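S.K.: Letter 28 of the sequence shown, counting from 1, is numbered 28 in the UniProt record's numbering, and no numbers are missing.
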Amino acid sequence: MSTSITSSGPSHHDRGSSMPPWLPRAMMLALWLITAFGLALWLFVQLQALLVLLLISLFLALAMEPAVNWLHRHRWPRGPATGVVMLLLFALTAAFLSLLGSMLISQVVAFVSEVPAMARTALDWVNATFDASYSPTALLSEISSASGLIEQYASGVADNVWGAGTTVLALLFNALTIALFTFYLCADGPRFRRVLCSVLPPRTQREVLRAWEIAITKTGGFLYSRALLAVVCAVTHYVVLLVLDVPFAFALALWMGVLSQFIPTIGTYIGGAAPVLVALVEGVWPAVWVLVFVTVYQQFENYVLQPRITARTLDMHPALAFGSVIAGVAVLGAPGALLALPMGASLQAFLGTYIRRYEVADHPLLPADRGGGKETQHSRRKGEAVAPDGAGEAGNDPLSGLQGRDGPQGV
Numbered sequence: 001m002s003t004s005i006t007s008s009g010p011s012h013h014d015r016g017s018s019m020p021p022w023l024p025r026a027m028m029l030a031l032w033l034i035t036a037f038g039l040a041l042w043l044f045v046q047l048q049a050l051l052v053l054l055l056i057s058l059f060l061a062l063a064m065e066p067a068v069n070w071l072h073r074h075r076w077p078r079g080p081a082t083g084v085v086m087l088l089l090f091a092l093t094a095a096f097l098s099l100l101g102s103m104l105i106s107q108v109v110a111f112v113s114e115v116p117a118m119a120r121t122a123l124d125w126v127n128a129t130f131d132a133s134y135s136p137t138a139l140l141s142e143i144s145s146a147s148g149l150i151e152q153y154a155s156g157v158a159d160n161v162w163g164a165g166t167t168v169l170a171l172l173f174n175a176l177t178i179a180l181f182t183f184y185l186c187a188d189g190p191r192f193r194r195v196l197c198s199v200l201p202p203r204t205q206r207e208v209l210r211a212w213e214i215a216i217t218k219t220g221g222f223l224y225s226r227a228l229l230a231v232v233c234a235v236t237h238y239v240v241l242l243v244l245d246v247p248f249a250f251a252l253a254l255w256m257g258v259l260s261q262f263i264p265t266i267g268t269y270i271g272g273a274a275p276v277l278v279a280l281v282e283g284v285w286p287a288v289w290v291l292v293f294v295t296v297y298q299q300f301e302n303y304v305l306q307p308r309i310t311a312r313t314l315d316m317h318p319a320l321a322f323g324s325v326i327a328g329v330a331v332l333g334a335p336g337a338l339l340a341l342p343m344g345a346s347l348q349a350f351l352g353t354y355i356r357r358y359e360v361a362d363h364p365l366l367p368a369d370r371g372g373g374k375e376t377q378h379s380r381r382k383g384e385a386v387a388p389d390g391a392g393e394a395g396n397d398p399l400s401g402l403q404g405r406d407g408p409q410g411v
């Protein structure tokens with residue numbers, strides 16, 4: 001009597017064709033990740049304008065924080081201190097723009113009216129110097145046609161009152177949004193940092209607060225140092241242009257001061273070209289003296305004035321500064337050009353705090369450097385953050401708020 005034994009387990013074919021138990025879970029996880037990434041990308045695109053306004057507000061708040069902290073140390077609440085600083089900055093900006101607007105507009109209008117005469121004088125000088133025969137009539141006709149196009153465009157813009165009004169309202173709304181976010185980010189700075197640090201482990205808290213302190217130092221230092229350098233540059237060039245009797249001295253000096261300080265590397269050449277060209281219309285020697293002064297002043301600024309002002313605020317290589325501006329424009333457009341330098345300086349200082357430096361071997365390609373040597377003070381021991389620019393230890397960090405001295409601050 002024979003008995004047949006039937007296998008109750010799955011056959012080899014069933015085992016090969018069945019789905020692994022982890023595969024459905026992995027597929028669902030991948031689907032959720034793709035969905036979350038797509039949703040995050042969509043939200044980023046939709047909120048890009050708001051994020052740019054927040055970024056501008058953050059850097060303005062970082063730039064204002066040293067002044068607000070100084071008032072807070074003198075028994076001012078952070079809310080009123082922030083309001084006073086913002087009102088003072090607004091009053092100075094409004095006074096400067098009103099003074100600038102009246103003088104600049106009058107000089108620009110006079111300059112535009114003098115363009116044909118300047119062009120004729122310059123053309124006569126070119127013909128006499130280089131034995132050329134350029135026709136003043138053709139040049140003046142080109143200038144007149146260009147002026148006609150400009151007037152036509154201006155009249156078209158004036159007719160589109162609705163579009164111009166909408167643009168003005170949008171700019172006003174953006175300005176008010178930036179002012180509101182800047183006020184709260186600066187007034188509630190300690191509370192915001194405390195909330196942020198409350199979800200981080202202690203060691204990460206120290207790193208975040210150190211990065212925040214570096215950002216405040218570099219951002220405020222950038223704005224203050226550049227504004228001071230721009231004022232000095234504009235005033236000195238204005239005096240020299242007045243002495244040389246160059247027309248439109250105020251507008252040209254302002255042009256030189258702003259462009260040379262807030263556009264790295266090439267701003268100096270762009271800003272200096274306009275005074276030289278305008279002085280050339282008055283004669284060769286005024287243009288030569290303007291060119292000599294611009295060159296000498298830039299050397300004085302680069303090697304004497306700027307190192308003393310920016311030694312502890314914004315010490316960046318010109319090539320790195322220029323590359324930062326290009327990257328900022330590519331990412332954020334016009335706001336990126338202004339935010340690139342403080343962001344680059346903050347990143348450079350933060351990385352320099354934690355990068356270990358060693359003694360460099362002697363080699364013909366490596367000339368002697370006074371800054372070389374053994375491992376610098378920027379190297380860090382395990383679990384210890386080194387404060388940049390002679391700042392105190394993390395335990396005495398005025399930004400941390402972890403010792404409970406400042407506590408949450410109201411507005």
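For every residue, glycine included, the Cβ atom is placed at its ideal position computed from N, Cα and C.
These numbers come from a predicted model, not from an experiment.
Report the three-state DSSP secondary structure of residue 74 (helix, strand or coil).
M.R.: Sequence index remark: in the sequence shown, residue 74 carries index 74 (1-based). Residue state, collapsed to three classes: coil.
S.K.: Write down the C-beta distance between residue 215 and residue 62 rounded to the nearest angstrom, noting that I regard them as a contact closer than 8 Å.
M.R.: Residue numbering aside, residue 215 sits at position 215 when the sequence shown is read from its first letter. Residue numbering aside, residue 62 sits at position 62 when the sequence shown is read from its first letter. That belief holds up - the Cβ atoms of residue 215 and residue 62 are roughly 5 Å apart, short of 8 Å.
S.K.: When you compare only the Cα positions, how much space is there between residue 302 and residue 275?
M.R.: In the sequence shown, residue 302 corresponds to position 302, counting from 1. In the sequence shown, residue 275 corresponds to position 275, counting from 1. So the two alpha carbons sit approximately 20 Å from each other.
S.K.: Is the separation between the beta-carbon of residue 220 and that of residue 66 shorter than 7 Å?
M.R.: For the purposes of this step, residue 220 is identified with residue 220 of the sequence shown, where counting begins at 1. For the purposes of this step, residue 66 is identified with residue 66 of the sequence shown, where counting begins at 1. Closer than 7 Å, so yes.
S.K.: Rounding to the nearest angstrom, what Cα-Cα distance links residue 205 and residue 198 in this structure?
M.R.: As a working note, residue 205 is residue 205 in the sequence shown. As a working note, residue 198 is residue 198 in the sequence shown. If I take the Cα positions, the gap works out to 8 Å.
S.K.: For residue 222, does the count of other Cβ atoms within 10 angstroms reach 16, so buried, or fall short, so exposed?
M.R.: Here the question's residue 222 lines up with position 222 in the sequence shown. Residue 222 comes out buried.
S.K.: CA-CA distance, residue 444 and residue 38?
M.R.: Given a span of 1 to 411 for the chain in the structure shown, any question on residue 444 remains unanswerable.
S.K.: Identify every residue that forms a DSSP beta bridge with residue 237.
M.R.: Counted from its first residue, the sequence shown places residue 237 at position 237. None, per the DSSP bridge assignment.
S.K.: How many Å lie between residue 117 and residue 48 at the Cα?
M.R.: Your numbering for residue 117 matches position 117 in the sequence shown. Your numbering for residue 48 matches position 48 in the sequence shown. Approximately 48 Å, taken between the alpha carbons.
S.K.: By Cβ distance, which residues of its chain are closer than 8 Å to residue 228, with the 5 residues on each side in sequence left out?
M.R.: Translated into the one-based positions of the sequence shown, residue 228 becomes position 228. Cβ within range, chain order: 309.
S.K.: What does residue 436 pair with, by DSSP beta-bridge criteria?
M.R.: Because the chain here runs from 1 to 411, residue 436 falls outside it and cannot be looked at.
S.K.: With H, G and I counted as helix, E and B as strand and the rest as coil, what does DSSP make of residue 168?
M.R.: On the sequence shown, position 168 is the one that residue 168 refers to. Correct three-state label for residue 168: helix.
S.K.: Would you tell me roughly how many angstroms separate the C-alpha atoms of residue 128 and residue 288, rounded to the nearest one?
M.R.: The count along the sequence shown starts at 1 and reaches residue 128 at position 128. The count along the sequence shown starts at 1 and reaches residue 288 at position 288. One C-alpha to the other measures close to 18 Å.
S.K.: In angstroms, rounded to a whole number, what distance separates the CA positions of residue 82 and residue 101?
M.R.: Taking the first residue of the sequence shown as 1, we reach residue 82 at position 82. Taking the first residue of the sequence shown as 1, we reach residue 101 at position 101. Cα-Cα distance, rounded: 28 Å.
S.K.: Which whole runs of the alpha helix (DSSP H) in the segment 168-210 are 4 residues long or more, in chain order?
M.R.: You should have 189-197.
S.K.: Quick check on the burial criterion: 16 or more other C-beta atoms within 10 angstroms. Buried or exposed for residue 173?
M.R.: By one-based count along the sequence shown, residue 173 stands at place 173. With fewer than 16 other Cβ atoms within 10 Å, it is exposed.
S.K.: Looking only at C-alpha atoms, which of 18, 58 and 296 sits nearest to residue 233?
M.R.: Looking up residue 233 in the sequence shown gives position 233. Cα-wise, what sits closest to residue 233 is 296.
S.K.: Write down every uninterrupted run of the beta strand (DSSP E) in the segment 222-289 whose length is 3 residues or greater and which is fully enclosed by it, in chain order.
M.R.: Listed in chain order, nothing qualifies, since the segment 222-289 has no complete beta strand (DSSP E) run of 3 or more residues.
S.K.: Decide if residue 46 is buried, meaning its Cβ has at least 16 other Cβ atoms within 10 Å, or exposed.
M.R.: For the purposes of this step, residue 46 is identified with residue 46 of the sequence shown, where counting begins at 1. Looking at its Cβ environment, which holds fewer than 16 other Cβ atoms inside 10 Å, residue 46 is exposed.
S.K.: Could you tell me the boundaries of the alpha helix (DSSP H) in which residue 34 lies?
M.R.: Locating residue 34 in the sequence shown gives position 34, where the first residue counts as 1. Counting along the chain, the alpha helix (DSSP H) containing residue 34 begins and ends at 22-46.
S.K.: Would a C-beta distance cut-off of 7 Å place residue 416 and residue 237 closer than the cut-off?
M.R.: Residue 416 lies beyond the range of the chain shown here (1 to 411); nothing can be said about it.
S.K.: If you draw a straight line from the alpha carbon of residue 203 to that of residue 209, how long is it in whole angstroms?
M.R.: Locating residue 203 in the sequence shown gives position 203, where the first residue counts as 1. Locating residue 209 in the sequence shown gives position 209, where the first residue counts as 1. Straight-line Cα distance between these residues: approximately 10 Å.
S.K.: At 3 residues or longer, and completely inside the segment 81-139: list those beta strand (DSSP E) runs for me, N to C.
M.R.: Segments of the beta strand (DSSP E) lying fully in the segment 81-139: there are none.
S.K.: Count the other CB atoms, across all protein chains shown, that sit within 10 Å of the CB of residue 56; report buried if there are 16 or more and exposed otherwise.
M.R.: In the sequence shown, counting from the first residue as 1, residue 56 sits at position 56. Result: buried.
S.K.: Going straight from the alpha carbon of residue 245 to that of residue 126, what length do you get?
M.R.: Counting from one through the sequence shown, the residue named residue 245 turns up at place 245. Counting from one through the sequence shown, the residue named residue 126 turns up at place 126. Each residue's alpha carbon lies about 22 Å from the other.
S.K.: Leaving aside the five residues before and after residue 35 along the sequence, list all residues of the same chain whose C-beta is less than 8 Å from its C-beta, in chain order.
M.R.: The residue you call residue 35 lines up with position 35 of the sequence shown. Around residue 35: no qualifying Cβ.
S.K.: Since residue 278 and residue 121 should fall inside the 8 Å C-beta cutoff, what is the C-beta to C-beta distance between them, to a whole number of angstroms?
M.R.: As a working mapping, residue 278 is identified with position 278 in the sequence shown. As a working mapping, residue 121 is identified with position 121 in the sequence shown. In fact, because the Cβ distance is near 12 Å, the residues do not count as touching under 8 Å.
S.K.: Just mark residue 226 as buried or exposed, buried being the case when its beta carbon has 16 or more other beta carbons within 10 Å.
M.R.: If you number the sequence shown from 1, residue 226 lands on position 226. Residue 226 should be labelled buried.
S.K.: In three-state terms, what does DSSP make of residue 297?
M.R.: Here residue 297 refers to the residue found at position 297 when the sequence shown is read from its first residue. Reduced to three states, the DSSP call for residue 297 is helix.
S.K.: Are residue 272 and residue 294 close, meaning C-beta to C-beta below 7 Å?
M.R.: Numbered from 1 along the sequence shown, position 272 holds the residue referred to as residue 272. Numbered from 1 along the sequence shown, position 294 holds the residue referred to as residue 294. Closer than 7 Å, so yes.
S.K.: What is the DSSP secondary structure of residue 64, counted as helix, strand or coil?
M.R.: Your numbering for residue 64 matches position 64 in the sequence shown. Here residue 64 sits in helix by DSSP.
S.K.: Between residue 348 and the ligand GTP, is the CB less than 6 Å from at least one heavy atom?
M.R.: Questions concerning the ligand GTP fall outside what the structure shown contains, since it holds no ligand whatsoever.
S.K.: Is the beta carbon of residue 339 sitting closer than 7 Å to the one on residue 44?
M.R.: Stepping through the sequence shown from its first residue, residue 339 is reached at position 339. Stepping through the sequence shown from its first residue, residue 44 is reached at position 44. It is not a contact, given that the beta carbons lie outside the stated cut-off.
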